[in-house]
Structure formats: C-alpha cells, structure tokens
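Numbering (full-length UniProt numbering), first residue to last: 1 to 521.
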C-alpha cells in the first residue's frame, strides 16, 4: 500500500464545491471573500497553520508581540475595503496619516506631513518650496492616472492607458516610466535634504536602484495608493497590519467561505485543459470548476500543474527572474524610554534614515555582489507610540525594515549577525544608544518568513522595477491559459505591501467567465 493510501483522507473525493482558493494570505482571503459573497460554495486552503501568509503576530518577549511581514499600509485597495465592508469587519487606523521624519548622515532632520499635498504647499524654502509643490502635483496626477493599471490582471495595460492620455500627461508618464528616479528628481528639485529623502523613498523595498532606468515608478506606484481617500498617505492600522488580515478573514467567514488551515495542495487537477479540482498533500481530492491560486507562480504552475501542461513561453516568463536583493525586518523590545530628545520627539511618526546619493548607489552594488552594505535605508515605527490599544507609558517596541540587503536562500549565523549589526548601526543614526536598551530582538529575513509560510524564500525577495512587475503580472494573471484557473500570487501583484487588488481581480475574472459561460462555467 502506498504512503498516500495510508494517509487520513486518502481516496476521499469531495464534491459539490464551486471554487477553491489556494493560499490564505491577504490576496487569497480577498479572492475567497469575493467568490463567497457572489454565492459560490468556496473552500480556502492554507498549507500552513497561520492564516495571513507572511503577516501574522509573533511573540518577541513574554507578553509582547510584534506583527511580522508588514508594519504600515499604503497601497491597500480602496475598492476591496468598500466591496468587502472591511471597516465593519474591524479595519480602523490608529494613525491614518503618518508624518515622516527623515534623518541624514550629517545629523540633520526633515519632517514632512502625512498629507503630502499640504506638506508641499507649506514647505518653507524659497527655492525648493515651489519646486516641491510642482513635483507633488505632477506625480500625484500621474499616479492617479496609472492606478487602474496597477490593479493587475490581463485587462490592466498601463502602456495602453498612457497612449490615451492627453499629450502633456502622456509625455510626463513616458518620462516617469522610463527614467531613473535620480534623473526625475534632478529635473524637479534643487540639491538638498528633500531630494535625498525622496531618492530613498524611490528605492525603498525595490530591486531597482534609484540611479537605474524605470526606478522612479516605484514612487509613482506607492503614491497611487490612498488611505481613507487621502492619496499618497501611510497609515498604521489599529492593532497593526495583522488587523487587515483579520478583517479579510472575517469578511470571508461572513461570506460562508470554508477556511482550512494546515491543508496543503499537492497538485491541481487538469482535465481536458480545464481545472477540475485539487489533490491534497494528505491524500484525497476536492473537485471544483474554479481554482484561484495565491501561491508562487513556480510552485503553482511548474509543480502543482507540471511543465507538460503549461505553454513554454509562459514557463520562461515565470522562471526567468533570479532575485538578488531583499529587505530585512528587525523588531526590538526596548527597556525604558528613549533618552535622547531627537528620538522622543519623533516616536509618533514614520522614521526614515536616508543615506546620501553615492552611499545609496554603493549599497545597491554591494548587495547585488552578495555583500552587506554599510549604509541602508531604514523605515521604522514605534507601534506602541502609535496605537493606544497596545501602547503603554514605556513605548517599548520598535519595528524596522532595512533595504537593500543581499538575497540569501539560507544565511548562516555569521551572515545573520552581520546583517543585524549593520541594521542596528543604521538605526542608531537616528536613535542613539538604542542597542543598550534592547531586551529582546527578532531578525526576520526572506528565509525566515519562507520557513514560517512554507513558501520559497524568493517569494519574499525585493520585487523588480514596477514596469517589469506590470509586464509579469499581465502574463502571470493569464494563468497559463488553463481554463478555470486564476492566479493572484506574487507575480500578479504590483508594488510592495498589502494591496489585495490581485485577489480582487482574480475573483472578478472567475465570476465574469462563469457568468458568460466561459472557461469557469
């Protein structure tokens, strides 16, 4: 008797299901909720024990937790919030419009209000003020115009939208989409702290360095997002980013989605070029005419389906990229309160360390060569200072994301120690003596998150340029042209952070095809 036959559930075939969603991260939860709300009998399968993918709560020290994966929200799809009624299901903001404090190598600081249009209008500099206002106006207009193209799916086509734009806007969009961030900023702004700050914003969490072509679109993508109607804002959700995942789960449960954790999928069943269900790792099958996959493209198409079924050009598109860069997350439990006035004054803001231009260039070069850069971009928050529900008088938790780091499939202890020390050295540039206050710490690299979720580490590498992401999303969202199969995994997503747009688009495509009697009928 085979191992499969010995497993509980082996040989069992479950029918009467309309749709199966594979992967219970934010995108998978979104897709399942949409299908359930449309009246489809939907099962959501998650291989791991945690619902939410990379975003989950973890213990840092006894009685103290941190949110892994993400700490801020900037590109969460407002359509998903409205359609799934996420405010009713618990999404709220402890800080809806976070101000940002930038710190520089020379010890200077720059503060920008969370409403960037108001911040630009009030920018008190005779030369840089008008230039900043013009810059924000032009980039926000372009970002709003591109927003539908960032929703992924085969129907999204930024290039087509750009060709239909008014001539002046089309020319600007062409410049923004092709040029390095450094070139765009040089064209708009005088040298100074503001330009240095925005250069880091344009390179943060991307594999495209700010001095390289296509890199400016990283900033355009981020500023296409909105929080409660405010474009370009960053928000800290009440309870942290895990609260968004919790709301999505409640939305799915309200739509009567059957959520099954610790239930891995071994393969997707294909019959006559059409998805027919899944075979489970524990044995048995679940039959359904609609499959939505939120996992990594390589895993879904090359392993769950198999190369024999997938078009060769599609295979090349989803397997071509080899990650070089990643970000690192460091969470610190701190003893007592900050002793220096600079840190104390900014604890209720988003904190960014922005290295000088040449240091940033070197950092990307070093990381690509497999070296840990000495200078890193840092984005940090003190969650307890932002959230009254979790905060206390001591405000002890700090969460930081550092970029760029070399991508490592399995870093050893020495490498991890080097990375942690480098991140701390950069944090100390704006929070002096913080290392003396650390009572517990958690370094989370791509490999750590992969171990927790069961996904490959490259799923958590830095994404390529936005233009490359758009092209890949268009291909990946076609799901290899397998009938009844829809995809909202990493390769279908555009931008870093929780979006949910790919999950919405995948579910909408499935519902559209089913309604017209197409491939998901």
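No residue lacks a Cβ here, since even glycine has one placed at the ideal position from N, Cα and C.
Being a predicted model, the structure only gives us computed values, none of them experimental.
Start and end residues, alpha helix (DSSP H) containing residue i
i           : result
residue 507 : 501 to 515
residue 188 : 181 to 188
Nearest residue (CA-CA) to residue i, options the options
i           : options               : result
residue 262 : 287, 500, 34 and 44   : 44
residue 100 : 47, 51, 494 and 201   : 201
residue 285 : 267, 271 and 274      : 267
residue 455 : 175, 297, 207 and 194 : 297
residue 135 : 194, 113, 163 and 167 : 194
residue 294 : 13, 18 and 30         : 30
residue 447 : 429, 439, 418 and 409 : 409
residue 489 : 300, 433 and 407      : 300
residue 302 : 320, 183 and 467      : 320
residue 344 : 398, 322 and 370      : 398
residue 88  : 411, 250 and 434      : 250
residue 80  : 357, 264, 502 and 478 : 502
residue 342 : 103, 314, 71 and 459  : 103
Length of the line joining the Cα atoms of residue i and residue j
i           : j           : result
residue 159 : residue 476 : 17 angstroms
residue 257 : residue 146 : 33 angstroms
residue 37  : residue 474 : 26 angstroms
residue 219 : residue 277 : 40 angstroms
residue 512 : residue 377 : 43 angstroms
residue 16  : residue 269 : 16 angstroms
residue 52  : residue 248 : 9 angstroms
residue 208 : residue 185 : 16 angstroms
residue 246 : residue 76  : 14 angstroms
residue 426 : residue 415 : 17 angstroms
residue 73  : residue 272 : 42 angstroms
residue 422 : residue 109 : 21 angstroms
residue 281 : residue 310 : 22 angstroms
residue 6   : residue 354 : Note that residue 6 scores 42 on pLDDT, short of 50, meaning its location in the model is unreliable; the coordinates nonetheless yield the value given after this. Each residue's alpha carbon lies about 57 angstroms from the other.
residue 234 : residue 504 : 22 angstroms
residue 82  : residue 254 : 15 angstroms
residue 304 : residue 436 : 49 angstroms
residue 126 : residue 190 : 11 angstroms
residue 402 : residue 329 : 6 angstroms
residue 130 : residue 188 : 10 angstroms
residue 318 : residue 123 : 44 angstroms
residue 312 : residue 111 : 51 angstroms
residue 279 : residue 517 : 25 angstroms
residue 519 : residue 274 : Low confidence applies here, because residue 519 scores a pLDDT of 44, under 50, leaving its location unreliable and the question unanswered by this model.
residue 468 : residue 500 : 19 angstroms
residue 236 : residue 93  : 6 angstroms
residue 386 : residue 118 : 22 angstroms
residue 470 : residue 143 : 14 angstroms
Per-residue DSSP class, three states only, for residue i
i           : result
residue 149 : helix
residue 78  : helix
residue 218 : helix
residue 315 : helix
residue 358 : helix
residue 138 : helix
residue 49  : coil
residue 13  : strand
residue 60  : strand
residue 3   : Reliability of the predicted coordinates at residue 3 is poor, the pLDDT of 38 falling under 50, and no value is obtained from them.
residue 364 : helix
residue 84  : coil
residue 263 : coil
residue 376 : coil
residue 248 : helix
residue 300 : helix
residue 434 : helix
residue 470 : helix
N- and C-terminal bounds of the beta strand (DSSP E) containing residue i
i           : result
residue 27  : No beta strand (DSSP E) contains residue 27, which is instead part of the alpha helix (DSSP H) from 26 to 37.
residue 406 : 397 to 406
residue 419 : Here residue 419 belongs to no beta strand (DSSP E); instead the alpha helix (DSSP H) covers 413 to 427.
residue 347 : Element bounds for residue 347: n/a, residue is neither H nor E.
residue 439 : 438 to 444
residue 333 : 325 to 334
residue 65  : 64 to 68
residue 287 : 285 to 287
residue 258 : 258 to 260
residue 279 : 274 to 280
Residue-chain proximity (residue i, chain D), Cβ-Cβ < 8 angstroms
i           : result
residue 343 : Structure shown: chain D not included; a single protein chain is present.
In DSSP terms, what residue i is bridged to
i           : result
residue 93  : 237
residue 100 : 112 and 350
residue 132 : Paired residue(s): none; residue 132 is not in a bridge.
residue 337 : According to DSSP, residue 337 bridges with nothing at all.
residue 487 : 293
residue 42  : 19
residue 231 : 226
The ligand SAH heavy atom lying under 7 angstroms from the CB of residue i
i           : result
residue 342 : The model depicted lacks the ligand SAH and carries no ligand whatsoever.
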